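Here the protein sequences line up with chains A, B and C, keeping their order. Residue numbers for the first sequence follow the working numbering, so the first one is 67 and each next one is one higher. Residue numbers for the second sequence follow the working numbering, so the first one is 1469 and each next one is one higher. Residue numbers for the third sequence follow the working numbering, so the first one is 13 and each next one is one higher. Glycine included, each C-beta is placed from N, C-alpha and C at the ideal position. Quick caveat: nothing in here was measured; it's all calculated off a predicted structure. Comments concern the structure below.
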Amino acid sequence: MRATLSTWSGDRIELSAMVLFLFASIALFGILAPQFLSGGIFRSIAFQLPELGLLTLAMFIPIIAGGLNLAVTFTANICALAAAFFVKSFMMEAGITALPVALLIGMGTGFLIGVATGAMVAYVGAHPILVTLGAMIFLRGLGELLTRGGDISGLPDSFKTLGHESILGVPIPMLVFLLAVAVCLYIMQFTKLGFRIHMVGSNPKAALYSGINVNRVLVWVYGLSGAFAGLAGIIMLARFNSVRIGHGESYLLITILACFLAGANPFGGFGRVLPLAVGLMSLQVIASGMNLMGASQHLATAAWGGFLILVMILRAPFQSKR
Amino acid sequence: MPKMLASPEGVLSALILALCILLSFATDSFLSLQNLFDLLNNQSVNIIFAVGLVVVLIAGGIDISFSVAASVVQYVTVVLLMQLGGGNWALGLLLAGATGIALGLVNALFIHRFRIVSIIVTIGTFNVFFGLLMYLSRGRSLYGIPDWLYDRITILSIPMERGSATLYLPVLAMLVMVAATWFILSKTGLGRQIYGFGSNPDAARRSGISIAWIQAFAYGWLGLCAGIAGLMQAHIVREVVPNALYGRELDILAAVVLGGTVLGGGRGTVLGAVLGVVLLALIQNGLNLLGITPFAFKMIVGAVILIAITASNADRLLPEVLKSRKEA
Amino acid sequence: MAKHALRATGVTQKFGSFTALRNVSFELEEGEVHCLAGENGCGKSTLIKVINGVNIPEPGAQISFHHDPAAARVFPHDAKRHGVHVIWQDLALFPDLSVAENICFDRFVAQPFGGRNQAASRQMAEEVIARIGIRLDPDARLGDLSIAKRQLVAICRVLAANARIIFMDEPTASLTRKETQALLDIVRKLSSEGISIVFVSHRLAEVLDVCSRVTVLKDGSLVGTYPTKGMTQKRLSELMTGMELSEQQRQPKTFTDTVLELRNLSRPGEYEDISFSLHKGEILGITGLMGSGRTELALSLFGMTRPAGGEIVLEGKPVRFASNHEAIDAGIAYVSEDRLNLGLDQTQSIVKNTAATVLDDLAEPTFWLSPSRVRALCDHWIDQLKTKVSNPELPVNSLSGGNQQRIVLAKWLATNPKVLILDAPTVGVDVGAKAGIFRIARDLAEQGMAIILITDEASEVHAHADRVLILREGRIREELSPHDIEEEALEGLINA
């Protein structure tokens, strides 16, 4: 897979496959359920996708760096909590200015949590699965302690704008997601940091010998991951107008699923943002289509898992045997 | 002896001992037989999961799907038994074990036949198992379970001043599974093959080991453990809730790794896995008895895990980062 | 006439349209130590795989063991019956198991349901260890042992499985001379017990004296089998590559511009009291056995480790590197001895590997890393170093060893270094490609670069260095000019 993926044409194949997958799923549901091709369904997809999508971006960067961040969902909760506490304490009457402040606090909190996690991965040197698993349990506990298991709700109306309004027919959460995809794409493909993340992901020792500060890169990786998770947390806060610890918990393994589905290498170093974004849309199309046909979200979950395995089987012949 | 103390098992034993002494002085109820027996009854299911998972981890794999597999086993077994008119323990164990092994073999099939990395396969099967279970059961719990499963089976009861301290069947099942796993891993050639395969898969392949058989055994054994644990869990809670075990997999993984098992394979012991589960259980139990709010439990457990990770890696900083990554 | 242990004739092996072996013959006597030589990709491994039954040759081959009638192929169980064992270069051992368990591993494979019986394994391991007369703790974890000790464990393992014919793939590649000598002693002992041993290697100087015959393969064909008596390293290289290698020594020259100066540099346990100066345009050879401190010294110069005492003076200014990043910025480049793991990121593309060292320059003045700029850098160096690359976006492991080493050079030359440290630059590089690497090094020196050449091959420093420092146990023991000494004498000094 590495041989194929790392070539230019390999990237194209991966992206084309995902686009094909997206259109195939749209076509399938278009035939099975004629009402599917109405505008309404795409609007609902555009409102639902961003939460999962942002969390997946938060998972994607550590995977490219050869790790995993199991703490993304609870990081999102904690960030939303931090923003909600701050807004409720100081900015109830601030109107629309509360939004950028909440975003800043949410993403900042996420970044700090990520930096702490990244520092543990880098300097303590434990396996990322372990560190982020510990962080996940810790953050969940912190959230439970702060909320006593309940909800924090009753935010200013401006949050409703962020969660439920549209600009030119495109829901604002979707715009935020697309912007985040663009930023992630830029960082991963066109900056020094992104280049280094790929090198550290596939061989940290060789990266170190090339003069790359591996530890600093890892701190950045988890910092960015935390910031994206924080953004996801704010979007969830705006959508539900409340925070509850455990919100979005079930997305955790789905984010990993989406990364692998889009061709990210589980050992790090390889994977692209665009196939990921398209792959996510396909997953959401499947879920919404099934929902329309009366099947539950759970059947869609099962279908996602099945698709992952199917895609990996189809991909297997292209993988070089390592 | 010093070598023994430096091992993860040694450190964990020392920690557990210290914690026990601390708690027996700090609380009245910790050292009571009732409390200890309750702890055992409650942790048996987790320990069965843990010894199954340790086999897969030593063989160099990882499994995320086992706890939802256990839910599937519970549901399938109870539904089938009710259709057969109730059945009995022998039939129940047979059905649960067979279903569990079958689900484990599904993982092994994809991992071995199609060469897909274990974490991808098991995340896939996690979603398939859980999604289908929730869809087909419509998320409804089963309260009507066979009488023999409903009536708790006592294996040891000691009368106390107030009530009695009782050990139930799951403790026995746990002891059997722990002993069997320990025997296979440390006392047979197969066990050495599993360690060898996890340690250097390429070398294992070249020395003529049947990789298919090792994978099938590792995931099948975890499946068996998941099946039995699922049945025991139903026995303890006297109902089948399809999402009751959802999310348990990561807690068990944390406990097992705390016990010295290395992600990437080759290293780990049954004793370490058991001690890992016991330590985390003791901490929760202690916090409970000390009257600390339950909302803080997770945070403290998480902090303990993070501290343990830091402490066990403190002596080997950077080079180890690279090493652990390479092994993964 | 000694009895033959193995006789193979007419062995041909095709993979699709590619012919890996063409009508090759190979003969081995009982108790003989034989050398199988050839460049990478000449068919050595394929021949071994035919003999141990992994590969099925084309019809027409005749292979016989001992007194058995010849057959057209070898079945794996036949190979096993005749005690054919291969110790591959990676040794195929289990780092997490104990020494005794590694030695007895094949028993666990044969009897998965048999008991592990620790006492029996231990005893079996101890017997084998005693048989070859070495010291090894059967209870030690294999992962804690040195490479040399692991090599011995691998030998014990095949002996425990009753080996009669042992193929050893590059057994000395990562051993020091002393360790190599110890290994050769064991080989002599086994040979006297009637066990046949085949060394497979492309670095042969140290094994020639223990072998009685050498078989040379080139491009899948047999060049010939020769007695080693009178065979020289040079003659063998010519047979392997099919070309005459004549290395011109460098012209004696005096250098004036000092670039780098070391004053009493020390790092306890690694190197002591190292002082020398390096000039513009000079190639300074640093040689010594593995473990003499040569690589450790290079790592300190490269900022990977911190010297405990002494001073590094670069272009007149004392420097202290907190990281290798600072060393690179200061103009020091280090071509690692471990190209596979440290020198290159094998799975990443040729472009990425070339650019990894100069990201800051490429991104100037922002964070923006223009793909076309990165690509242009790579194309420039591929052209400059005449590297054979079909597509720079392919992973670097699609290249041959020699071309990979050129990519390593490219990534360091891109940093525009003042001092280039070449640590064992020809390990795993074919004889033919070695000459190309040294041609590049000489050209660079000609253009004024200061080069440190670290190697334990006397011939390399003798031909290519202007000055040679010999390290032993962390100290400089000799400093001499290669013009004043014969290659053999230099070799003697290194091994002293």
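- Taking one beta carbon from each stretch, the segment 268–276 of chain C and the segment 392–402 of chain C have fewer than 3 pairs nearer than 8 angstroms; the two do not touch.
- When Cβ-Cβ separations below 7 angstroms define contact, arginine 1630/B makes no contact with chain C.
- Secondary structure at phenylalanine 211/C: strand, using DSSP grouped into helix, strand and coil.
- Close to valine 181/A, with beta-carbon spacing below 8 angstroms, lies no residue of chain B; the smallest spacing is near 15 angstroms.
- If you ignore the 5 residues before and after leucine 1690/B, its C-beta comes within less than 7 angstroms of the C-beta of Gly1520, Leu1521, Val1523, Val1524, Asp1531, Phe1534, Gly1572, all in its own chain and listed in chain order.
- Distance check between glycine 328/C and each of His291/C, Val36/C, Thr378/C, Val219/C places His291/C closest, using alpha-carbon atoms only.
- Asparagine 403/C sits in coil when the DSSP states are folded into three classes, being neither helix nor strand.
- Exclusion of the five residues before and after leucine 434/C leaves Val347, Leu465 as the residues of its chain whose Cβ lies within less than 6 angstroms of its Cβ.
- Burial check for proline 150/C: the Cβ neighbour count within 10 Å reaches 16 or more, so the residue is buried.
- DSSP assignment within the segment 210–296 of chain C yields the following whole alpha helix (DSSP H) runs of 4 residues or more, N-terminal first: 217–220, 245–253.
- The shortest C-alpha to C-alpha distance from glutamine 263/C to any of Ser493/C, Ala160/C, Ser158/C, Ser249/C is the one to Ser493/C.
- Less than 7 angstroms divides the Cβ of alanine 369/A from the Cβ of isoleucine 352/A.
- Annotation: arginine 1583/B has no Cβ neighbours in chain C at a cutoff of 9 angstroms; minimum Cβ distance is about 17 angstroms.
- In the DSSP assignment, serine 133/C falls outside any beta strand (DSSP E) and within the unbroken alpha helix (DSSP H) covering 130–143.
- Here threonine 1761/B is exposed, its C-beta having fewer than 16 other C-beta atoms within 10 Å.
- Residue pairing from DSSP places tyrosine 346/C in a beta bridge opposite Ile433/C.
- If only uninterrupted alpha helix (DSSP H) runs of at least 4 residues are considered, those enclosed by the segment 451–498 of chain C are 470–476.
- Inter-residue distance for alanine 124/A and alanine 131/A is about 12 angstroms (C-alpha atoms, whole angstroms).
- 7 angstroms or more divides the Cβ of leucine 147/A from the Cβ of methionine 1767/B.
- Contact between glycine 236/C and glycine 55/C does not hold, since their C-beta atoms are separated by about 14 angstroms, which reaches or exceeds 8 angstroms.
- In this structure, the CA atom of isoleucine 1751/B is about 18 angstroms from the CA atom of proline 1476/B.
- Identification of chain A residues near threonine 1778/B by a Cβ-Cβ cut-off of 8 angstroms yields Met186, Val190, Ala192, ordered along the chain.
- Residue burial is scored here from C-beta neighbours: tyrosine 1618/B has fewer than 16 other C-beta atoms within 10 angstroms and is therefore classed as exposed.
- Methionine 347/A sits away from leucine 120/A, with the two beta carbons spaced by 7 angstroms or more.
- Pairing aspartate 118/C with alanine 173/C gives a Cβ-Cβ distance under 7 angstroms.
- Taking a C-beta distance under 7 angstroms as the contact criterion, leucine 380/A and isoleucine 1591/B do not qualify as a contact pair.
- In terms of Cβ geometry, methionine 202/A and phenylalanine 140/A form a close pair [threshold 7 angstroms].
- DSSP, reduced to helix, strand and coil, places arginine 1606/B outside both helices and strands of the structure shown, so it counts as coil.
- Not a single C-beta of chain A is nearer than 7 angstroms to the C-beta of asparagine 415/C.
- At least one CB of chain C lies nearer than 7 angstroms to the CB of methionine 265/A.
- Across the structure, threonine 24/C and alanine 83/C are spaced so that their CA atoms are roughly 14 angstroms apart.
- The residue from Pro1638/B, Glu1707/B, Ser1675/B, His1703/B with its alpha-carbon nearest to that of isoleucine 1515/B is Pro1638/B.
- Scanning its chain for C-beta atoms nearer than 7 angstroms, with the 5 sequence neighbours on each side dropped, one finds around leucine 103/C the residues Arg162, Gln163, Ala166, in chain order.
- In the structure shown, the three-state DSSP call for tyrosine 1714/B is coil.
- For cysteine 1693/B, the closest C-alpha among the options Val1646/B, Leu1507/B, Gly1478/B, Ala1771/B is that of Val1646/B.
- A direct Cα-Cα distance of roughly 11 angstroms separates threonine 1737/B from glycine 1659/B.
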